[in-house]
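Residue numbers for the sequence shown follow the UniProt record's numbering, so the first one is 1 and each next one is one higher. Cβ coordinates follow ideal geometry from the N, Cα and C atoms, glycine included. Here the structure is a predicted model, which is why all the values come from computation and not from measurement. What follows is a short report on a single structure.
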Amino acid sequence: MPERYGPWARGYDLFRRWQRDGTWQRIFTELQARADAEELISWDLSIDSTVCQAHQQAAGARNRGSCRPRGRAASLSSRMTTVSDARTAA
1 MPERYGPWAR GYDLFRRWQR DGTWQRIFTE LQARADAEEL ISWDLSIDST VCQAHQQAAG
61 ARNRGSCRPR GRAASLSSRM TTVSDARTAA
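Dropping the structure here:
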């Protein structure tokens, strides 16, 4: 900051005061309104509704191993019949 403005802390205090009382927002709004009136701003919008979620372990959940339920294996009688099984049975 140039020395003619005094110590940097004074400039920072003024900046924060203007930020808190809305001076910067009013300046921005006025400049934006003028630019819009002169058609210097293009108001193209792009709206995306994509949702991205992290896996539960990424969020800190405990990793308890495999997702398969524990228990007995399926019996042979419940296994699916394939085409080759059907030919040998016939």
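(request) Flag this pair as yes or no: are the beta carbons of residue 98 and alanine 35 separated by less than 8 angstroms? (result) Past the edges of the chain, shown from 1 to 90, lies residue 98, and the structure says nothing about it.
(request) State the DSSP-derived secondary structure class of tryptophan 8, mapped to helix, strand or coil. (result) As a first step, residue 8 must be located in the sequence shown, where it is residue number 8. Three-state DSSP puts tryptophan 8 in a helix.
(message) Let me see if you follow: with CB-CB separation under 8 angstroms, is valine 51 close to chain D or not?
(response) Looking for chain D here will not work: only one protein chain is present.
(message) Quick check on this structure: which residue in Pro2, Gln32, Glu3 has the alpha carbon closest to the alpha carbon of tryptophan 43?
(response) Here residue 43 refers to the residue found at position 43 of the sequence shown. Closest by alpha carbon: Gln32.
(message) Whole angstroms are fine: how far does the CA of alanine 58 sit from the CA of valine 51?
(response) Counted from its first residue, the sequence shown places residue 51 at position 51. Counted from its first residue, the sequence shown places residue 58 at position 58. Taking the straight line from one Cα to the other gives about 16 angstroms.
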